[in-house]
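S.K.: Dropping a structure here in structure tokens format, bear with me for questions.
Number of protein chains: 2
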Amino acid sequence: MSLKHAVLIVLQFEDGTGYEIAKWFDQGMGYFWHASHQQVYLELGKMAQAGLVTFTAVEQIGKPAKKIYHLTDQGLAELKGWMLKPAKQFALKDELLMKVYSGHLIPPQDLLDQILKHQTDYRELLNKFKQIEEQWFQDVENLPLPHQYSYLTLRNGIGYAKAWLEWCDEVITFLKGQIGKQPSI
Amino acid sequence: MSLKHAVLIVLQFEDGTGYEIAKWFDQGMGYFWHASHQQVYLELGKMAQAGLVTFTAVEQIGKPAKKIYHLTDQGLAELKGWMLKPAKQFALKDELLMKVYSGHLIPPQDLLDQILKHQTDYRELLNKFKQIEEQWFQDVENLPLPHQYSYLTLRNGIGYAKAWLEWCDEVITFLKGQIGKQPSI
DNA sequence: AGCTACATGTAAGGAGTTACATGATTAT
DNA sequence: ATAATCATGTAACTCCTTACATGTAGCT
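Chains A and B are the protein sequences, given in the same order.
For reference, each letter of the first sequence is one residue, going 4 to 188 in the numbering used here.
For reference, each letter of the second sequence is one residue, going 4 to 188 in the numbering used here.
The following block contains the structure:
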């Protein structure tokens, strides 16, 4: 159950509403942990009951009232305790790999179309990551420590996207060969 | 709901029992799709009801009776239909990245221990993949087509493991620097 | 008139994990 | 003796997705 810990991590950086926390999981942090706003609101409710977080209700003019959540000592202790426990092993769930695995079932052109689409997505992701790197992490060693750690996860994203791009190239080359061999489908 | 399609893929390769199908998800195919035996048995039950698979009950001497499942035409049609639909976007869920992201919360040595452990795991994975490559895919172009496709997924695994290994090196270098800076924790 | 951002949630259902339950055979 | 392999499943629970539900402000 790591959504809890993901939320604790966000709140350890700064207090925020459920809405704001959900945005973290849609943007930057979403690269390695995603959650919908529904999940976040539910989880925050449970966490408040468990005493890991508390909130301050804030009335607003012209906007819905909001709850600003913040970490309790107990929440921080829970987070630190979790940090020290060994992380779960990698576990991919990737539909594209499944489709390639049984790629012989459909015409190579159809699979190629899908791979090309995914390659475009990975290329865009890589460009986005690289742009963030250039814009914010030129002088990494002089940034605050938490930023230096978050930079490491960005580096992971860059390596990950590159590896996928290269693999897509391999698959594309193979599929083009297949299409050349059987042009009459 | 892709467990269904993963099971269809396995059965499209060869008929098998729930036990045997579950092994695929623990071994080779487990690299990109994992499922427990409990999940598999449940799913097979649903799939049989839906007419995607049928089974032959086989009594055995000295072993429990078993059900050998096989694809129906409807099952194959479902699989091919799914193959043609666009695959879901990549979505990681990685605890290790979460821990690095908030690495400043614990002493660098503790994080380093975890990274080293994971690097060892990825190194073993890479070695396993490379060994499979050498043993079975020396002469890829002359293998049956399905094997050529499965080789592509192995290539993905190799690229993936390499990318993680390199990233682990980056993190290790950084953490050793951190440990050097604050030797008094 | 329609879209995006802000801001909160409930409900139903599907997917996945962990624990429980059984029992023979073969290898160490 | 103990563990692994073969072989099946149920039950409880947690986790995640999709759909529903509401309402203002500002931009195009």
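All C-beta atoms in this analysis are idealised placements derived from N, C-alpha and C, irrespective of residue type, glycine included.
Predicted, not measured: the structure shown is a model, and the values here were computed from it.
Is threonine 123 of chain A helix, strand or coil when you go by DSSP?
M.R.: Looking at threonine 123 of chain A - three-state DSSP - the assignment turns out to be helix.
S.K.: For the segment 29-59 of chain A, list every residue whose C-beta sits within 8 Å of some C-beta in chain B, in sequence order.
M.R.: Cβ contacts with chain B come from Met32, Tyr34, Phe35, Trp36, His37.
S.K.: Specify the secondary structure class of phenylalanine 35 of chain B as computed by DSSP and reduced to three states.
M.R.: In this structure, phenylalanine 35 of chain B counts as coil in the three-state DSSP scheme.
S.K.: Answer yes or no: do leucine 79 of chain B and aspartate 113 of chain A have a C-beta to C-beta separation smaller than 7 Å?
M.R.: Taking 7 Å as the Cβ cut-off, leucine 79 of chain B and aspartate 113 of chain A do not qualify as a contacting pair.
S.K.: Can you pull out the residues from the segment 153-179 of chain A whose beta carbon lies closer than 8 Å to at least one beta carbon of chain B?
M.R.: Within the segment 153-179 of chain A, the residues whose Cβ lies closer than 8 Å to some Cβ of chain B are Ser153, Leu155, Thr156, Arg158, Asn159, Gly162, Tyr163, Lys165, Ala166, Trp167, Glu169, Trp170, Glu173, Val174, Phe177, listed in chain order.
S.K.: Just mark valine 61 of chain B as buried or exposed, buried being the case when its beta carbon has 16 or more other beta carbons within 10 Å.
M.R.: By the 10 Å Cβ count, valine 61 of chain B comes out exposed.
S.K.: What residues from the segment 70-88 of chain A come within 7 Å of chain B, judged by C-beta to C-beta, listed N to C?
M.R.: Flagged, chain order: Leu82, Lys83, Met86, Leu87.
S.K.: Report back the beta-carbon spacing between lysine 70 of chain B and glycine 21 of chain B to the nearest angstrom; my notes put them in contact at under 8 Å.
M.R.: Indeed they touch by this definition, with Cβ atoms about 7 Å apart.
S.K.: What does the alpha-carbon distance come out to for the pair threonine 75 of chain A and leucine 14 of chain A?
M.R.: Between threonine 75 of chain A and leucine 14 of chain A, the C-alpha separation is close to 10 Å.
S.K.: How would you list, in chain order, the residues of chain A whose beta-carbon sits under 7 Å from the beta-carbon of lysine 7 of chain B?
M.R.: Residues of chain A passing the Cβ test: none, with the nearest at roughly 11 Å.
S.K.: Out of A:Gln52, A:Lys49, A:Lys26, A:Gly33, point me to the one whose CA is closest to histidine 191 of chain A's CA.
M.R.: Because chain A spans 4 through 188 in this model, residue 191 of chain A falls outside it and cannot be assessed.
S.K.: Please state whether DSSP places isoleucine 109 of chain A in a helix, a strand or coil.
M.R.: DSSP places isoleucine 109 of chain A in coil when its eight states are reduced to three.
S.K.: Residue range of the beta strand (DSSP E) that isoleucine 71 of chain B falls in?
M.R.: Looking at the DSSP string, the run of the beta strand (DSSP E) that includes isoleucine 71 of chain B is 69-74.
S.K.: Is glycine 19 of chain B helix, strand or coil when you go by DSSP?
M.R.: Looking at glycine 19 of chain B - three-state DSSP - the assignment turns out to be strand.
S.K.: Is the CB-CB distance between glycine 162 of chain A and tyrosine 34 of chain A below 7 Å?
M.R.: Cβ distance not < 7 Å, so glycine 162 of chain A and tyrosine 34 of chain A don't count as in contact.
S.K.: Could you please give the first and the last residue of the uninterrupted beta strand (DSSP E) stretch that includes alanine 60 of chain A?
M.R.: Segment 56-61, the beta strand (DSSP E) holding alanine 60 of chain A.
S.K.: Is the Cβ-Cβ distance between glutamate 98 of chain B and alanine 38 of chain A less than 7 Å?
M.R.: No, Cβ-Cβ distance for glutamate 98 of chain B and alanine 38 of chain A is not below 7 Å.
S.K.: With distances taken from CA atoms, which of B:Phe16, B:Glu81, B:Gly31, B:Asn130 is nearest lysine 7 of chain B?
M.R.: Answer by Cα proximity: B:Glu81.
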